[in-house]
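Participant: In the working numbering, the protein residues as written are 166 to 423.
Heads up, the beta-carbon is just placed ideally off N, CA and C, and yes, glycines get one too.
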Ligand SMILES: [Fe+2]
Ligand SMILES: [Fe+2]
């Protein structure tokens, strides 16, 4: 489900000693991916005032760490959030997941956590729902039956998606910290302790829903509880809500009406 090149570039971009040209050459092996990485690097959420015209420029401008986020964003939107039987649900999940990734990354400037970890965990937090819907649709296709309506499977998604997502993320070889945060983005508990990365994702999850970008498996996030778990002052919420509105407008959510 996640293209191998995405993992390769993700790992390289996190290696401090990597040569930027080697990174560029690896990325260029997949022209469609490279083109879209350039597009995202030029988007208002990343670009500086100076236009970015080639991949090398983009790498220099956004930096290696942000590049890892962009590669993940692009490969996930190209490859992961795809299932013809559930197109509207996949589109909603994709926007929701991107919003959670962006908000979670912003939150790190207040909590001192790793923005890259938070971005990846945010982007993948509901990947369990994506996988369950894809498995369901393909199994029904094999039996020449239509896939069940999304509202018929929503309860099962709510109950299963976090653990399923955590399992997948671990299998893809991403760090345990990310897999744990994905698996615990509702309970917030890992081995009986509150997981700060899971709380970050959970708070971003709630804020994305507030600005109209809900997931298909959305539960009601207790934003006060997660804010306390992260020891954020109440006024931080105003800043985060304002940022969530900007992100939702960029992603085409309903922030204007929120
Ligand atoms: Fe979720
Ligand atoms: Fe979510």
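Hey, would you say the C-beta of residue 265 is under 7 Å away from at least one heavy atom of ligand 2?
Facilitator: For residue 265, the distance from the CB to the nearest heavy atom of ligand 2 is below 7 Å.
Participant: Which first and last residues belong to the alpha helix (DSSP H) in which residue 294 is found?
Facilitator: That run of the alpha helix (DSSP H) goes 292-307.
Participant: Just the Cα atoms here: how many angstroms apart are residue 167 and residue 275?
Facilitator: Rounded to whole angstroms, the gap between the alpha carbons of residue 167 and residue 275 is 30 Å.
Participant: Between residue 391 and residue 367, is the Cβ-Cβ spacing less than 8 Å?
Facilitator: Between residue 391 and residue 367, the C-beta gap is smaller than 8 Å, which places the two residues in contact.
Participant: Using three-state DSSP, classify residue 421 as helix, strand or coil.
Facilitator: Low per-residue confidence applies at residue 421: pLDDT is 37, beneath 50, and the placement is therefore not dependable, though the value from the model is reported in the following sentence. Of the three classes helix, strand and coil, the one that applies to residue 421 here is coil, per DSSP.
Participant: For ligand 2, enumerate in chain order all residues having a CB closer than 5 Å to any of its heavy atoms.
Facilitator: 291, 370 and 380
Participant: Where does residue 400 fall in DSSP's three states?
Facilitator: coil
Participant: Would you decide whether residue 186 is buried or exposed? Buried here means 16 or more other CB atoms lie within 10 Å of its CB.
Facilitator: exposed
Participant: Please list the segments of the alpha helix (DSSP H) lying wholly inside the region 202-290, counting only runs of 4 or more residues, in order along the chain.
Facilitator: 220-240, 252-276 and 280-289
Participant: Return the chain-ordered list of same chain residues with a C-beta closer than 6 Å to the C-beta of residue 269, the five sequence neighbours on each side being excluded.
Facilitator: 283, 287, 365, 366 and 369
Participant: Who pairs with residue 355 in a beta bridge, going by DSSP?
Facilitator: 358
Participant: How many angstroms separate the CA atom of residue 222 from the CA atom of residue 232?
Facilitator: 12 Å
Participant: Does the region 300-315 come within contact of the region 391-402, defined as at least 3 CB pairs closer than 8 Å?
Facilitator: Not touching, per the Cβ criterion.
Participant: So residue 324 is in the alpha helix (DSSP H); what residue range does that whole segment cover?
Facilitator: 315-336
Participant: Compute every distance between the C-beta of residue 385 and the non-hydrogen atoms of ligand 1, then say whether any falls below 7 Å.
Facilitator: Because no heavy atom of ligand 1 lies under 7 Å away, the Cβ of residue 385 does not count as near it: no.
Participant: Could you tell me whether the region 347-357 touches the region 235-245, where touching means 3 or more Cβ pairs closer than 8 Å?
Facilitator: no
Participant: Can you say whether residue 202 is buried or exposed, counting buried as having 16 or more other CB atoms within 10 angstroms of its CB?
Facilitator: buried
Participant: Are any of the Cβ atoms in chain D nearer than 8 Å to that of residue 346?
Facilitator: Within the model displayed, chain D is absent; a lone protein chain is all it includes.
Participant: For residue 182, count the other beta carbons within 10 Å of its own beta carbon; 16 or more makes it buried, fewer makes it exposed. Which is it?
Facilitator: exposed
Participant: Taking 7 Å as the cut-off, is the CB of residue 296 close to at least one heavy atom of ligand 1?
Facilitator: no
Participant: Return the Cβ separation of residue 198 and residue 239 in integer angstroms, given the expectation that the two are a contact with Cβ distance under 8 Å.
Facilitator: 6 Å
Participant: How is residue 343 classed by DSSP in three states: helix, strand or coil?
Facilitator: helix
Participant: Return yes when the Cβ of residue 261 is within less than 8 Å of the Cβ of residue 379, no when it is not.
Facilitator: Yes, the pair counts as a contact, with Cβ atoms nearer than the cut-off.
Participant: Do residue 124 and residue 248 have their C-beta atoms closer together than 8 Å?
Facilitator: The structure shown does not extend to residue 124, since the chain is modelled only from 166 to 423, so the question has no answer here.
Participant: Going by other Cβ atoms of all chains shown within 10 Å of its Cβ, with 16 needed for buried, is residue 295 buried or exposed?
Facilitator: buried
Participant: Excluding the 5 residues flanking residue 381 on each side, which residues of the same chain have their C-beta closer than 7 Å to its C-beta?
Facilitator: 254, 257, 258, 294, 315, 319 and 322
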